[in-house]
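Position 197, counted from 1, in the sequence shown is what the UniProt record's numbering calls 197; the numbers after and before it change by one each time, with no gaps.
Okay, so here's the structure we're looking at.
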Amino acid sequence: MQLEKFAKQTINLAAKLKLDDIELFLTYSRTLSAKIENRDINLELKEGIFNAGIRVIKKGKLGYVPITEPDLNVLRTGIKAALAKAGPAPFVNFAVLSDRKKRLELYDDRITRMLGSPSKIKNLARNIIERAFTVKGIENFEGGIGLNIEDRLVTTMHNRTPAFATRTAFSAFVDVNSRDFDFVAGRRMPDLEKVAKLGENLARSLPKRSTTPESEGMKGKKLPVIIHPLMLETILRNLVAEHIYASTVQEGMSRYRVGQQVAPITVTLWDDATAPYAESTFPTDDEGTNTRRTTVIENGMLKTLLYDRASAAKDGVESTGNGRHRPVLIEDEHEAPVRCTANDLFLAPGKTPLNRMIKGIKRGILLKYLLGFHTANRTTGDFTNTLYVGRIIRDGRLVALPEPGRWAVKGNALDCLKNITAVSRETINVASGVLPWVQVDLTVT
1 MQLEKFAKQT INLAAKLKLD DIELFLTYSR TLSAKIENRD INLELKEGIF NAGIRVIKKG
61 KLGYVPITEP DLNVLRTGIK AALAKAGPAP FVNFAVLSDR KKRLELYDDR ITRMLGSPSK
121 IKNLARNIIE RAFTVKGIEN FEGGIGLNIE DRLVTTMHNR TPAFATRTAF SAFVDVNSRD
181 FDFVAGRRMP DLEKVAKLGE NLARSLPKRS TTPESEGMKG KKLPVIIHPL MLETILRNLV
241 AEHIYASTVQ EGMSRYRVGQ QVAPITVTLW DDATAPYAES TFPTDDEGTN TRRTTVIENG
301 MLKTLLYDRA SAAKDGVEST GNGRHRPVLI EDEHEAPVRC TANDLFLAPG KTPLNRMIKG
361 IKRGILLKYL LGFHTANRTT GDFTNTLYVG RIIRDGRLVA LPEPGRWAVK GNALDCLKNI
421 TAVSRETINV ASGVLPWVQV DLTVT
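Encoded structure:
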């Protein structure tokens with residue numbers, strides 16, 4: 001499908017309806033996936049997936065229209081319905097896209113070619129399975145491979161040239177006995193030999209025994225916890241980011257202020273939608289503001305807030321390129337209104353090797369993932385969640401798995417950030433960011 005053609009038709013419709021402005025966020029994608037269940041493989045191809053999030057301004061009112069088919073009659077009806085219940089617009093017009101001279105890396109032709117060869121994906125899935133089952137003790141093995149190619153377009157009424165790019169994505173994951181998982185993800189084709197070994201390597205790394213907090217004498221204790229980069233990204237994005245969005249500060253709901261020391265000097269965090277082959281990489285955000293790298297925390301100090309156009313207008317500043325259709329709860333991306341949203345998150349690595357961090361702990365936990373983290377309190381940053389995946393540390397060694405359903409930890413995301421005691425030298429690409437392991441103290445409940 002030609003998104004540019006539909007965009008022109010939509011802007012012509014906007015003129016006929018005498019709209020003051022219109023903003024288009026359009027995607028068209030194709031996905032091929034392989035689902036792994038023990039030794040079985042199921043392929044699924046989804047083609048021609050069109051989604052659009054369209055905002056309109058007329059007479060100072062702003063309306064929103066999500067659609068899933070490129071039908072101008074459907075759009076016309078949607079615009080009229082949206083304007084009938086529209087609220088005050090936070091600005092007079094949408095963004096006028098500026099020149100975008102930097103070429104971003106977000107497409108890998110190898111993924112496109114593989115997407116056109118389902119047999120290659122099935123063979124890779126078969127290889128993952130066969131290698132995994134060379135390891136004894138696998139009772140349940142699940143996983144998947146996903147490839148995606150997406151056309152994405154952002155524009156507004158008064159632009160000659162829209163922001164447009166074709167993006168690719170590759171992901172693979174494995175789960176062994178529902179006790180641990182591993183994955184690779186990004187917009188560039190990974191080393192397929194490493195992908196093929198995901199299940200095997202994970203199965204070999206699993207400790208033979210599991211244990212309870214009572215057996216380890218950890219129940220009710222505040223202990224050192226090493227947080228895996230995936231869980232760290234989740235904590236930062238779901239809880240900490242809520243306090244660095246300008247919209248939250250303007251509502252009086254943030255504990256942060258610019259210039260405040262919010263973390264140790266070893267912590268530098270930046271937001272970026274221009275990094276090569278990263279998840280958020282695109283010339284603009286969903287409002288048409290050019291994307292950039294924004295240092296949010298430098299040497300532990302909060303340097304700036306993240307702005308979309310509405311919050312920027314309130315403070316009389318420029319948007320930082322963080323206006324995104326961010327889904328909440330059951331919303332899909334195109335259904336979600338534009339909200340202040342973090343792009344890809346990057347935390348600078350430290351100088352301590354991960355194995356040294358582990359060796360320095362007498363009793364503690366390596367925390368990979370918490371169950372039900374969506375229940376955490378976004379306002380306060382408090383969380384109490386079941387430990388889903390991790391390792392128990394005793395005398396500087398990873399000695400056991402947590403017994404399912406017996407472990408939970410509680411803490412506060414903002415306090416965790418402020419009281420990081422170590423940052424690893426190693427980092428992991430978790431698709432929506434690149435982060436190290438960090439050490440904090442949490443309470444076992």
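Note that CB positions come from ideal geometry on N, CA and C, so glycine has one too.
Remark: C-beta atoms of ALA34 and GLY186 do not approach each other more closely than 9 Å. Collapsing the DSSP output to three states places THR134 in coil. For ILE54, same chain residues with a beta-carbon under 6 Å away, outside a window of 5 residues either side, are LEU24 and VAL65 in chain order. ILE393 and PRO402 have their C-alpha atoms roughly 10 Å apart.
Boundaries around SER215 are those of the alpha helix (DSSP H), 213–216, since no beta strand (DSSP E) includes it.
In the DSSP assignment, the residues bridged to LYS46 are THR31. Residue pairing by DSSP puts GLN439 in a beta bridge opposite ILE226 and ALA422.
Inclusion of ARG110 and MET218 in the CB contact set at 9 Å is not warranted, their separation being larger than that value. Between the C-alpha atoms of THR161 and THR155 there is a straight-line separation of about 8 Å.
For GLN439, the number of other beta carbons within 10 angstroms of its own is at least 16, and it is reported as buried. For the set ALA163, LYS80 and ALA203, the Cα lying nearest the Cα of GLU130 is the one of ALA203. The continuous stretches of alpha helix (DSSP H) do not include ARG293, which lies in the beta strand (DSSP E) extending over residues 293–298.
For GLN260, DSSP assigns no beta-bridge partner whatsoever.
A distance of 9 Å or more separates the beta carbons of GLY350 and LEU367. Ranked by how close their Cα comes to the Cα of VAL328, the residues VAL317, ALA125 and THR341 have THR341 in first place. Nearest in C-alpha terms to ASP286, of all of GLN9, VAL96 and LEU43, is VAL96. The three-state reading of DSSP puts LYS122 in helix, counting H, G and I together. If you compare the alpha carbons of ALA400, ALA15, LEU370 and THR31 with that of VAL56, the shortest gap goes to ALA15.
CA-CA distance, LYS303 to GLY288, rounds to 24 Å. Along the length of the stretch 306–376, whole alpha helix (DSSP H) runs at least 4 residues long occupy 309–315 and 354–359, reported in chain order. Under the three-state reduction of DSSP, ALA95 is assigned to coil, being neither helix nor strand. If only complete runs of 3 or more residues are kept, the stretch 164–222 shows the beta strand (DSSP E) at 180–186, in order along the chain. Cβ-Cβ distances below 6 Å link ASN177 to GLU139 and ASN140 in the same chain, with the five nearest sequence neighbours on each side left out; the list follows chain order.
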